[in-house]
Amino acid sequence: MAEPTRVADIISLIPLTPHTTELVLRPVEGPMSFKPGQWISLQLPVGDHPPLNRAYSLAEPPSSTGHLTLVFDHVPGGKGSGYLGSLKPGDQLSFSGPYGHFLLPDSPSTALLLVGRYSGLVPLRCMIRSMAAQGTLPSTTLIAQAPSGAEQLYHEEFLALAAAQSDFHYLSFVTEDPAAPATADAVKQTAGNGHRVTPLIAGIKAFARPLRALLMELGYDRKEVKLETYD
Ligand SMILES: Cc1cc2nc3c(=O)[nH]c(=O)nc-3n(C[C@H](O)[C@H](O)[C@H](O)COP(=O)(O)OP(=O)(O)OC[C@H]3O[C@@H](n4cnc5c(N)ncnc54)[C@H](O)[C@@H]3O)c2cc1C
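See the structure below:
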């Protein structure tokens with residue numbers, strides 16, 4: 086069933102990297118409940134046939150403020166992300182949600198393997214923060230890929246978590262090539278060689294699909310590999 090359309094005030098727009106912005110919203114009618122990994126659909130007054138619907142993952146778990154935190158990357162020539170970049174605090178946005186089945190397993194029986202490219206890290210970061218806040222973060226490897234050193238989203242935060250929690254491993258790769266062999270090798274090392282993990286992958290198709298294929302070569306069932314693709 087379609088979720089009702091809601092209106093939200095924009096609380097802040099803060100650059101996280103040269104080409105990504107954190108957008109914090111406050112739904113005017115009160116908090117929305119959601120699960121880490123889910124997304125909302127923004128209805129933007131742009132494009133040839135407005136509204137233009139664009140999906141954005143939630144970056145922060147539910148909080149007492151009811152604020153919804155999104156992060157968007159400025160896609161070159163992108164209609165939706167271009168519009169978001171033109172907004173300012175006090176403006177309003179329409180949205181519906183939450184949506185999506187890219188969720189953590191109820192009680193992971195194996196270690197987690199979280200793999201994301203660029204803004205694909207957003208739902209994974211939400212999951213990690215939720216589990217870390219509740220003290221339920223299992224043994225987890227996060228493999229992150231960024232298009233450049235300056236665009237390593239949440240890099241300092243993940244480094245700090247890895248330093249604080251011996252069970253959290255953070256591997257970061259910088260490459261313009263979403264299908265870069267080094268990232269695939271890291272996935273193979275973590276999920277192959279007799280290791281069994283629960284894999285979740287997010288990002289553009291050119292990144293996510295070859296990694297799912299690799300995991301299937303390693304013996305994982307297609308349904309075991311959770312995928313969230315952005316394009
Ligand atoms: C479930 C889901 C969750 C998502 N969560 C996020 C999120 O948290 N943060 C975020 O930034 N985006 C996210 N996206 C992508 C987002 O919905 C838009 O597709 C993206 O912002 C581009 O929209 P646009 O209107 O700016 O570009 P468009 O005008 O639609 O496209 C412009 C050009 O960019 C290409 N393109 C489209 N999408 C992407 C992309 N994601 N990366 C690179 N090139 C692209 C198109 O092929 C086209 O050539 C998510 C998508 C889905 C389906």
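According to my numbering, the residues represented by the sequence shown are 86 to 316, in order. Each residue gets a CB set at the ideal place from its N, CA and C atoms; glycine is no exception.
> Is the CB-CB distance between residue 169 and residue 187 below 7 Å?
Replying inline: no
> Relative to ligand 1, is the shortest distance from any of its heavy atoms to the C-beta of residue 213 smaller than 6 Å?
Replying inline: no
> What are the boundary residues of the alpha helix (DSSP H) that includes residue 247?
Replying inline: 240 to 249
> By DSSP, does residue 100 sit in helix, in strand, or in coil?
Replying inline: strand
>> So, with DSSP's three-state summary, where would you put residue 139?
In response: strand
> Opposite residue 313 in the DSSP bridges: which residues?
Replying inline: 287
> Is any heavy atom of ligand 1 found at a distance shorter than 6 Å from the C-beta of residue 311?
Replying inline: no
> Under 6 Å from any heavy atom of ligand 1, does the C-beta of residue 142 make it?
Replying inline: yes
>> Taking the alpha helix (DSSP H) that residue 165 belongs to, which residues open and close that run?
In response: 164 to 170
> With respect to 6 Å, is the separation between the Cβ of residue 289 and the closest non-hydrogen atom of ligand 1 below this value?
Replying inline: yes
>> For residue 177, list the residues DSSP reports as bridge partners.
In response: 94
> Does the distance from the C-beta atom of residue 288 to that of residue 205 stay below 7 Å?
Replying inline: yes
> Straight-line CA distance for residue 216 to residue 222?
Replying inline: 5 Å
> Since residue 254 sits in a beta bridge, which residues does DSSP pair it with?
Replying inline: 226
> Under a three-way DSSP split, which group does residue 131 fall into?
Replying inline: coil
>> For residue 255 and residue 226, I'd like the C-alpha separation in whole angstroms.
In response: 6 Å
> Expressed to the nearest angstrom, what Euclidean distance is found between the alpha-carbon atoms of residue 303 and residue 92?
Replying inline: 45 Å
> Which same chain residues, not among the five before or five after residue 164, have their C-beta less than 7 Å away from its C-beta?
Replying inline: 131, 132, 137
> So, is residue 307 buried or exposed, given that buried needs 16 or more other C-beta atoms within 10 angstroms?
Replying inline: exposed
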